[in-house]
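As given, the protein sequences belong to chains A and B, one line each in that order.
Residue numbers for the first sequence follow our numbering, beginning at 1 and rising by one.
Residue numbers for the second sequence follow our numbering, beginning at 1 and rising by one.
What follows is one structure encoded as structure tokens, with my remarks underneath.
Number of protein chains: 2
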Amino acid sequence: MRIAVDVMGGDHGSGVVINGVRLALQSLPQIHEILLVGDQGQIESALAAAGPRDRIRLVHASEVITMEDKPLDAVRRKKDCSMVRAMELVRDGKAGAAISLGNTGALVAAATVKLRRLAPVERAPIATVMPSVNGEFVLVDVGANHECRPIHLVQFAIMGAIYSRELLHHRQPRVGILSNGREETKGTELTRETLRLMRQLDLDCVGYVEGHDLFHGRADVVVTDGFTGNIVLKTCEGLSRAIFGVVRAELQANGWRKLGAALARGAFRDIKRRLDPEAYGGAPLLGLNGVVIKAHGGAREEAIMNAVRVATETLQQRINDAIVREVAAANLKLGFTKSTMDTSTPAVA
Amino acid sequence: MRIAVDVMGGDHGSGVVINGVRLALQSLPQIHEILLVGDQGQIESALAAAGPRDRIRLVHASEVITMEDKPLDAVRRKKDCSMVRAMELVRDGKAGAAISLGNTGALVAAATVKLRRLAPVERAPIATVMPSVNGEFVLVDVGANHECRPIHLVQFAIMGAIYSRELLHHRQPRVGILSNGREETKGTELTRETLRLMRQLDLDCVGYVEGHDLFHGRADVVVTDGFTGNIVLKTCEGLSRAIFGVVRAELQANGWRKLGAALARGAFRDIKRRLDPEAYGGAPLLGLNGVVIKAHGGAREEAIMNAVRVATETLQQRINDAIVREVAAANLKLGFTKSTMDTSTPAVA
């Protein structure tokens with residue numbers, strides 16, 4: 001098993017990414033090799049710093065896609081950028097999976113252009129695992145496809161359920177549609193038609209799920225379009241940061257509070273462990289010929305290690321075989337014929 | 001100043017609502033009278049229990065709209081329900097404002113049918129004030145209009161800015177559009193056209209705002225369609241409940257933590273004060289002939305008191321005069337002619 005890691009797009013520099021890769025190699029002996037893709041000079045100096053370099057290979061790429069780049073445009077123009085090179089390693093069979101911390105839109109574009117979608121799949125969504133009070137749930141799509149049709153959400157549900165079953169060990173994942181209320185009269189045309197289609201399939205469909213329900217275990221997989229999903233994901237990140245910021249400030253406001261916080265230190269460590277998004281690491285881009293994992297731009301060593309672990313497990317569980325089989329079966333059951341028009345156009349422009 | 005309060009639709013019964021009304025009357029001497037609308041027997045027994053009954057009048061209504069009722073249908077069928085009666089008191093000039101804790105969809109329908117929208121306004125949205133790390137912001141629409149056109153969002157922005165200016169004292173509110181990224185290439189057709197229109201007006205428009213930005217003061221007013229806004233609002237409520245639930249459980253897990261939590265008790269009180277949605281109480285339904293405030297179904301005494309305070313301030317600041325003036329001016333500037341087709345149809349079916 002070989003994994004390509006684009007070391008260039010993160011907020012904390014390539015050294016942090018490379019340290020995360022080394023942690024991953026220590027704990028994941030099933031990986032034969034990790035290909036570090038990026039600027040040779042930067043990678044060499046990070047590798048020189050410390051630690052072993054077995055099972056690591058360097059693949060030079062002279063360009064980088066930045067957060068300011070327009071996704072599809074950048075993918076077409078920057079032919080020797082690390083992100084595109086990482087995708088090509090997967091396309092050419094030199095790696096089974098690729099991981100990148102860079103520009104999400106560009107990653108979706110690069111992955112779709114270079115790897116193409118699996119035959120029965122209409123759109124490749126980004127799935128992310130989020131913590132809840134009693135476990136976790138998969139939210140899909142969190143940003144690859146801003147405007148969706150019902151068949152897209154139905155396919156997201158199937159792919160999300162496969163992910164939940166194979167990687168998170170929910171034997172029969174409960175799938176819900178994110179909406180503005182549980183009642184079936186709520187929602188939009190998109191959610192209502194999605195619900196109607198989902199009820200025709202062998203999914204354990206719990207119907208509509210609202211914001212209140214997300215963190216209280218009502219569904220193991222929640223589907224939504226990439227616009228809403230991205231807003232929800234970032235709102236959750238922003239709100240938890242705000243809450244923990246206020247908690248930290250208030251606990252430092254005087255001596256008694258500081259003493260109290262010191263005594264309860266273990267609680268805060270355990271809260272972080274239960275709710276920390278770092279522990280979840282990588283968000284897979286599902287439905288492509290190859291495994292692609294988006295790591296958070298702000299990912300540090302532990303999150304990188306987790307992204308590598310997610311890539312490894314996704315390969316081991318042969319997620320893509322299940323996706324092809326189950327999405328094709330659903331298309332057949334729904335009488336849906338895959339459109340041939342748009343197979344080569346990525347969703348992000 | 002007279003305010004009608006529908007005492008029937010809350011999760012904690014009419015007694016809690018009536019106690020909240022009494023608290024409000026104590027702190028708001030400018031209110032002449034509060035009309036309690038609902039079941040006479042229930043109101044009488046709550047009033048008999050304790051406390052003064054000056055400036056309180058009872059208006060009997062024999063029916064109640066429940067959470068299970070279909071909004072528009074219920075408003076048409078249950079002619080003597082407390083929510084509809086409260087709206088009629090406003091329509092007939094017997095009260096300046098109405099407050100209800102009941103079914104949001106039904107409230108939007110009842111308000112739109114009975115009060116009609118202000119002449120230049122296309123859709124009446126629900127605005128809500130949410131806490132941020134350094135103050136608060138207005139999110140609009142959080143649930144009245146699930147599918148919106150750009151002119152609707154533009155009008156929401158104007159109404160939200162008036163609310164922020166007159167009630168929250170932001171002299172020049174910064175207005176943003178909720179989107180999946182700050183770059184103007186992001187968003188949907190709806191957000192892009194809204195942005196283009198907003199830039200033609202005298203609004204302090206900060207462009208797109210993403211989930212990360214909400215709680216960190218990048219905008220004083222954030223506009224979105226009611227589907228997305230409702231999901232964001234409920235996700236925030238669900239996530240904060242989940243986080244504080246985990247914090248509470250972890251702080252009770254052993255003796256040291258309990259001791260620490262006891263020493264830091266003041267911190268948790270101050271955190272609650274800074275982040276508690278109860279402090280914000282009522283969410284106004286903007287753009288109607290009359291003032292309508294939606295209180296949370298789970299509102300307790302303090303939240304009811306705050307909803308009454310919000311109603312009082314909205315009346316005092318003559319918000320509706322400003323809305324008519326400023327929305328009409330914007331329509332003129334954008335060359336937008338109000339459609340006459342749909343003035344009597346509420347957005348919620």
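Every residue, glycine too, gets a C-beta built ideally from N, C-alpha and C.
Per the coordinates, the alpha-carbon of residue 196 of chain B lies some 26 Å from the alpha-carbon of residue 285 of chain B. In the DSSP annotation of this structure, the continuous segment of the beta strand (DSSP E) that includes residue 204 of chain B starts and ends at 204-209. Here residue 328 of chain B has 119 and 120 as same chain residues with Cβ atoms under 8 Å from its own Cβ, once five neighbours each way along the sequence are excluded. Interface with chain B (9 Å Cβ-Cβ cutoff): residue 7 of chain A is excluded. Listed in chain order, the beta strand (DSSP E) elements of length 3 or more contained wholly in the stretch 216-251 of chain A are 221-223. Close CB contacts of residue 152 of chain A within its chain, under the 6 Å cut and outside five residues either way in sequence, are with 122 and 123 (chain order). Closest option to residue 263 of chain B, judged by alpha-carbon separation, among A/98, A/259 and A/266: A/259. DSSP lists no beta-bridge partner residue for residue 304 of chain B.
Residue 336 of chain A sits in coil when the DSSP states are folded into three classes, being neither helix nor strand.
The three-state reading of DSSP puts residue 83 of chain B in helix, counting H, G and I together.
Counting every other CB atom within 10 Å of its CB across the protein chains shown gives residue 332 of chain A a total below 16, marking it as exposed. Assignment of residue 100 of chain A by DSSP, reduced to helix, strand and coil, places it in the strand class.
Listed by position along chain B, the residues whose Cβ is nearer than 7 Å to that of residue 259 of chain A are 263. Near chain A, meaning a CB-to-CB distance below 8 Å, the residues of the stretch 196-214 of chain B are 210, 211, 212, 213 and 214. Nearest CB-CB separation between residue 147 of chain B and chain A: below the 9 Å threshold. Under DSSP, the beta-bridge partners assigned to residue 6 of chain A are A/37 and A/100. Taking 9 Å as the cut-off, the beta carbon of residue 294 of chain B is found closer than this to the beta carbon of residue 101 of chain B. The secondary-structure analysis by DSSP pairs residue 132 of chain B across a beta bridge with B/135. Sequence-ordered contacts of the stretch 230-241 of chain A with chain B read 230, 231, 232, 233, 234, 235, 236, 237, 238, 239, 240 and 241 [C-beta pairs closer than 8 Å]. In this structure, the straight-line span from the alpha carbon of residue 226 of chain B to that of residue 44 of chain A is close to 52 Å.
Any Cβ of chain B closer than 9 Å to the Cβ of residue 113 of chain A would place that residue at the interface, and such an atom is absent. Residue-level contact by beta carbon holds for residue 270 of chain A and chain B, with a gap shorter than 9 Å. Cβ-Cβ distances below 7 Å link residue 30 of chain A to 1 and 312 in the same chain, with the five nearest sequence neighbours on each side left out; the list follows chain order. Interface annotation, residue 101 of chain B: not in contact with chain A, CB-CB separation never under 9 Å. In this structure, the alpha-carbon of residue 172 of chain B lies about 7 Å from that of residue 165 of chain B. Of the candidates A/4, A/106, A/299 and A/161, the residue whose Cα lies closest to the Cα of residue 57 of chain A is A/4. A Cβ-Cβ separation of about 7 Å places residue 133 of chain A in contact with residue 217 of chain A under the 8 Å criterion. With a threshold of 9 Å between beta carbons, residue 153 of chain A makes no contact with chain B. At a cut-off of 9 Å between C-beta atoms, residue 227 of chain B counts as an interface residue with respect to chain A.
Residue 52 of chain B sits in coil when the DSSP states are folded into three classes, being neither helix nor strand.
Closest option to residue 190 of chain A, judged by alpha-carbon separation, among A/79, A/208 and A/46: A/208. Chain-ordered, the chain B residues with CB closer than 9 Å to the CB of residue 185 of chain A read 70, 71, 105 and 349.
The CB of residue 243 of chain A comes closer than 7 Å to the CB of 240, 243 and 275 in chain B, given here in chain order. Listed along chain A are 146, 147 and 227, each with a C-beta nearer than 7 Å to that of residue 188 of chain B. Between residue 144 of chain A and residue 221 of chain A a beta carbon distance of about 16 Å is seen, past the 8 Å cut, so the two are scored as non-contacting. For residue 150 of chain B, the uninterrupted alpha helix (DSSP H) segment begins and ends at 150-167.
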